[in-house]
Every structure is written in C-alpha cells, then in structure tokens.
Amino acid sequence: MDSSPGTRVGLLDGFALERGVGGVPTVVDGLPRCAQRLIAHLSLCGRPSRAAVAGQLWPDVPEEHAQGSLRSALWRVQKAVPGLVDVSGGALGLARGVRVDVREFRDWAQRALDPDAVLDGAMAPESALGGELLPGWYDDWVLLERERLRQLRLHALEMLADKLASVGRYGEAVQAACAAVRAEPLRESAHRALVRVHLAEGNIAEAARAYGAFRDLLADELGVAPTTQMEKLLLRGQVRIPEPRRRAP
Numbered sequence: 000m001d002s003s004p005g006t007r008v009g010l011l012d013g014f015a016l017e018r019g020v021g022g023v024p025t026v027v028d029g030l031p032r033c034a035q036r037l038i039a040h041l042s043l044c045g046r047p048s049r050a051a052v053a054g055q056l057w058p059d060v061p062e063e064h065a066q067g068s069l070r071s072a073l074w075r076v077q078k079a080v081p082g083l084v085d086v087s088g089g090a091l092g093l094a095r096g097v098r099v100d101v102r103e104f105r106d107w108a109q110r111a112l113d114p115d116a117v118l119d120g121a122m123a124p125e126s127a128l129g130g131e132l133l134p135g136w137y138d139d140w141v142l143l144e145r146e147r148l149r150q151l152r153l154h155a156l157e158m159l160a161d162k163l164a165s166v167g168r169y170g171e172a173v174q175a176a177c178a179a180v181r182a183e184p185l186r187e188s189a190h191r192a193l194v195r196v197h198l199a200e201g202n203i204a205e206a207a208r209a210y211g212a213f214r215d216l217l218a219d220e221l222g223v224a225p226t227t228q229m230e231k232l233l234l235r236g237q238v239r240i241p242e243p244r245r246r247a248p
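FYI, the numbering for the sequence shown is 0 to 248, going by numbering that gives the first Met the number 0.
Structural data, given as structure tokens:
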C-alpha cells in the first residue's frame with residue numbers, strides 16, 4: 000500500500016510527522032506517545048513481526064497486554080494517517096513512499112564511506128551535520144540506534160573530508176572535518192581529518208594551530224597527549240610541532 004504522497008517521518012532532533020495534503024506537507028500534531036513510538040520503531044527497524052514490535056515497545060508487561068497496547072497504537076496511527084502502516088503477513092512496516100530522515104541519512108553515510116562512490120554536488124545533507132536521534136527518549140532500542148548513528152556520522156564526515164580534499168574542494172572538506180570535531184571534540188581521528196585537510200591545502204600554520212588546540216584540549220580534559228599518529232601526521236607534512244601551552248602554576 001502507498002501512503003499519501005509527501006508523507007515524511009522525522010526522528011533527528013525530535014519526532015515529527017508530515018503528511019501530504021493536496022501536495023502540501025502538513026504537520027500531524029497531537030499524536031499520542033504510543034503512536035509516536037510505534038512509528039519511530041518501524042522507521043528504524045524495517046518490517047518486524049507483530050510479536051517483536053510488541054515485545055520491544057512494551058517489554059515489562061505480559062504478552063497479551065503488550066499485544067493489546069500494540070492494537071491500540073495501530074488504531075491511533077491509522078486514524079491520524081490512514082495507510083501509514085502496512086499490516087500484512089504478521090509483520091508491520093511503513094508503507095511504500097514514506098520518507099524517513101534517518102533512512103536518508105544512512106543512505107548518504109554509506110555513499111560517503113564507499114571509497115568508490117562519486118561525490119555528490121552538495122557536501123552533505125543537513126542531517127549529517129547534527130541532529131541527535133529522538134532526544135529525551137530512553138528506550139533501549141533508541142539508545143542503541145542513537146549510538147550507532149553517532150558513530151556512523153563521525154566516520155562518514157571524516158571520510159567525506161578526505162574525499163573532498165582529494166579533489167580540491169578544501170572549503171567543504173574543512174566544514175566536514177569541523178562538523179566531526181564539533182560532534183565529538185575529544186575524538187582524535189576527527190582532528191586528524193582536519194589537520195589532513197589543512198596540509199592538503201598547504202596551510203601549514205592552520206595545521207599546527209589545529210594540532211595545538213587539540214593537544215591543549217586533551218591535556219585540560221583528560222590529562223593525556225595526542226597519539227604518535229597525530230605527531231607523525233604533522234612530521235610527514237613537514238610541520239614543526241608547536242610548543243605546549245604553559246600551564247598556570
């Protein structure tokens with residue numbers, strides 16, 4: 000079954016649901032939390048069985064109670080957005096044609112990580128640069144997927160920075176590397192990506208400055224130094240490693 004054209008589920012930076020009404024996206028407000036959880040779970044998990052959905056969404060109640068809660072949530076979803084959920088063969092899934100921002104992000108990230116994929120004209124979708132999965136939700140299935148997406152975003156941005164630098168798109172490469180650094184300021188591989196971009200562009204002073212800022216941050220936050228990988232990166236680029244910042248007595 001096809002849902003209405005223009006139907007879209009947003010999970011990054013919070014739950015949102017839009018449906019196409021006369022070709023114009025309209026926000027669906029007032030959806031109960033049980034219905035939101037069902038839609039979010041199906042958006043992330045594909046086509047699980049009814050029993051699996053009930054067990055994941057209502058793990059602390061008897062199976063019969065969980066199945067009743069699932070039927071109630073399904074009814075509420077179908078009432079708000081008819082055809083959004085396809086129920087067939089004992090499984091549940093979103094109808095064909097429904098867009099999900101997390102799925103679009105995953106597709107982009109896989110292309111970014113593919114060494115043979117050709118770069119798109121645009122640097123990255125907005126979802127790649129930020130947006131936590133369902134902030135404020137603490138279900139186990141959300142927490143696991145949130146961490147998985149966080150790691151996927153970081154690796155994809157670091158790879159994208161290298162790809163963009165390799166074809167001379169240095170401004171976009173710096174943006175990608177800086178996005179990775181903002182997402183996880185203590186992640187050394189993100190800072191190494193930024194240093195590599197500066198070196199590729201011939202900005203030796205910028206590379207040294209980026210290294211020094213990261214080294215000082217590590218010293219302040221964790222009391223450790225960058226790895227030898229970081230120092231070797233600068234030495235290969237013939238960058239003189241700056242002196243450590245003098246700490247206040």
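Here a beta-carbon is modelled for each residue, glycine too, at the ideal position from N, C-alpha and C.
Note that the structure is a prediction, hence the values are computed from the model and not measured.
- Nearest in C-alpha terms to Val23, of all of Ala178, Gly92, Ala209, Thr6, is Thr6.
- For the pair of segments examined, the region 217-229 was found not to touch the region 196-207: the number of CB pairs separated by less than 8 Å stays below three.
- Exclusion of the five residues before and after Ser48 leaves Gly89, Ala90 as the residues of its chain whose Cβ lies within less than 6 Å of its Cβ.
- Rounded to whole angstroms, the separation of the alpha carbons of Ala111 and Leu118 is 8 Å.
- Listed in chain order, the beta strand (DSSP E) runs fully inside the region 159-203 amount to none, counting runs of at least 3 residues.
- Arg181 counts as exposed, since fewer than 16 other beta carbons sit within 10 angstroms of its beta carbon.
- Trp136 has its alpha-carbon roughly 27 Å from the corresponding atom of Cys177.
- With contact defined as three or more Cβ pairs closer than 8 Å, the region 49-65 and the region 95-107 are not in contact.
- According to DSSP, Glu144 shares a beta bridge with no other residue.
- Judged by DSSP secondary structure, Leu91 falls within the beta strand (DSSP E) whose first and last residues are 90-93.
- A check of alpha carbon separations from Gly19 across His190, Ala212, Val27 identifies Val27 as the nearest.
- For Val101, the enclosing alpha helix (DSSP H) has its first and last residue at 100-112.
- The continuous stretches of alpha helix (DSSP H) do not include Arg46, and DSSP gives it neither H nor E.
- The distance from the Cβ of Glu157 to that of Ala206 is about 16 Å, inconsistent with a contact at the 8 Å cut-off.
- By the neighbour-count criterion, in which a residue is buried when 16 or more other Cβ atoms sit within 10 angstroms of its Cβ, Val76 is buried.
- Secondary structure at Val8: strand, using DSSP grouped into helix, strand and coil.
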